[in-house]
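S.K.:
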Amino acid sequence: MSSPNPKDELVEHIPALRAFAISLSHNRATADDMVQDTLVKAWTNIDDKFRPGTNLRAWLFTILRNTYYSNRRKMKREVADVDGVFTERLAVKPSHDGNLQMSDFRAAFAQLPDEQREALVLVGALGFSYEEAAGMCDVAVGTVKSRANRGRARLVQLLDLNEDESMELTDEATMAVITSNGPSSL
Numbered sequence: 000m001s002s003p004n005p006k007d008e009l010v011e012h013i014p015a016l017r018a019f020a021i022s023l024s025h026n027r028a029t030a031d032d033m034v035q036d037t038l039v040k041a042w043t044n045i046d047d048k049f050r051p052g053t054n055l056r057a058w059l060f061t062i063l064r065n066t067y068y069s070n071r072r073k074m075k076r077e078v079a080d081v082d083g084v085f086t087e088r089l090a091v092k093p094s095h096d097g098n099l100q101m102s103d104f105r106a107a108f109a110q111l112p113d114e115q116r117e118a119l120v121l122v123g124a125l126g127f128s129y130e131e132a133a134g135m136c137d138v139a140v141g142t143v144k145s146r147a148n149r150g151r152a153r154l155v156q157l158l159d160l161n162e163d164e165s166m167e168l169t170d171e172a173t174m175a176v177i178t179s180n181g182p183s184s185l
């Protein structure tokens, strides 16, 4: 006569497991989840970890108890965030929109005349003052201001932006190029 399969006996222990789980968690729904987790763990590990001839009930209760304490440790590390306040602060916007707009920006920037691109890079992206940029380009300060202003206006036009609309760019230096105040305003 062959020995009975321990998997066949699992169902017999469910009421006792549930009672033990309720005594630990003081919550019927949590207890049911714990019993289910225990049965899944037992079912998947019974061939490898359970020794026939030993106490199946004690083995199941040990799994249930370990599951309960593992869940408690995990819950101590977790923060309850019912209204999503913490999640909003931790969430990261996907970069694909910024990457697409960055691609559009590069294409529009390439359409600008060399002098306007140069002024925007020096003043906007690299953070030089108009006076410093004018000295580097060997032109008057007003000329650099004019080139930067015309370049910004043309970029806004090429990118089809409204005055109150912002771009979702991923690069602060690029944002500095199209804003009138340069990198210090970011």
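Under numbering that gives the first Met the number 0, the first residue of the sequence shown carries the number 0, and numbering increases by one thereafter.
Where a beta carbon is used, it is the ideal one built from N, C-alpha and C, also for glycine.
Write down the C-beta distance between Val34 and Ile13 rounded to the nearest angstrom, noting that I regard them as a contact closer than 8 Å.
M.R.: Here residue 34 is taken as the residue at index 35 of the sequence shown, counted from 1. Here residue 13 is taken as the residue at index 14 of the sequence shown, counted from 1. Right, their Cβ atoms sit about 6 Å apart.
S.K.: Sorted by chain position, which residues of the same chain lie with C-beta nearer than 6 Å to Glu227's C-beta, five sequence neighbours on each side aside?
M.R.: Here the chain covers residues 0 to 185 and nothing more, so residue 227 does not appear.
S.K.: Given that a residue counts as buried once 16 or more other Cβ atoms are within 10 Å of its Cβ, and exposed if not, what is Met0?
M.R.: Position 1 of the sequence shown, counting from 1, holds the residue named residue 0. At Met0, the pLDDT of 46 sits below 50, so the modelled position is not reliable and the matter cannot be decided from this model.
S.K.: Within the continuous alpha helix (DSSP H) that includes Met60, where are the two ends?
M.R.: Here the question's residue 60 lines up with position 61 in the sequence shown. Here residue 60 is Phe; the residue named in the question, Met, does not match the sequence. From DSSP, the alpha helix (DSSP H) with Phe60 extends over 55-76.
S.K.: Answer yes if the segment 106-118 comes into contact with the segment 147-157, meaning at least three C-beta pairs across the two stretches below 8 Å, and no otherwise.
M.R.: The segment 147-157 vs the segment 106-118: in contact.
S.K.: Does the Cβ of Ala139 have 16 or more other Cβ atoms within 10 Å, making it buried, or fewer, making it exposed?
M.R.: Numbered from 1 along the sequence shown, position 140 holds the residue referred to as residue 139. Exposed, because fewer than 16 other Cβ atoms sit within 10 Å of the Cβ of Ala139.
S.K.: In whole angstroms, give me the CA-to-CA distance for Val81 and Glu87.
M.R.: Sequence index remark: in the sequence shown, residue 81 carries index 82 (1-based). Sequence index remark: in the sequence shown, residue 87 carries index 88 (1-based). Distance between the alpha carbons of Val81 and Glu87: 12 Å.
S.K.: Within 10 angstroms of its Cβ, does Phe85 collect 16 or more other Cβ (buried), or is it exposed?
M.R.: In the sequence shown, counting from the first residue as 1, residue 85 sits at position 86. Exposed, by the Cβ-count rule.
S.K.: Could you give the first and the last residue of the continuous alpha helix (DSSP H) run that contains Asn44?
M.R.: Position 45 of the sequence shown, counted from the start, is the residue given in the question as residue 44. Note, Asn44: alpha helix (DSSP H), 27-48.
S.K.: Under 7 Å between the Cβ atoms of Trp58 and Phe49?
M.R.: Taking the first residue of the sequence shown as position 1, residue 58 is located at position 59. Taking the first residue of the sequence shown as position 1, residue 49 is located at position 50. Cβ distance < 7 Å, so Trp58 and Phe49 count as in contact.
S.K.: Counting Cβ pairs closer than 8 Å, one from the segment 20-27 and one from the segment 56-75, do we hit at least three?
M.R.: Yes, since at least three Cβ pairs between the segment 20-27 and the segment 56-75 fall closer than 8 Å, the two stretches touch.
S.K.: When the Cα of Asp159 is compared with those of Asp103, Asn70, Val10, Asp47, which residue comes out closest?
M.R.: Residue mapping note: residue 159 aligns to position 160 of the sequence shown, counting from 1. Nearest C-alpha to Asp159: Asp103.
S.K.: If you count every other CB in all the chains shown that lies within 10 Å of the CB of Gly83, and 16 or more means buried, which is it?
M.R.: The sequence position of residue 83 within the sequence shown is 84, counting from 1. Per the 10 Å Cβ criterion, exposed.
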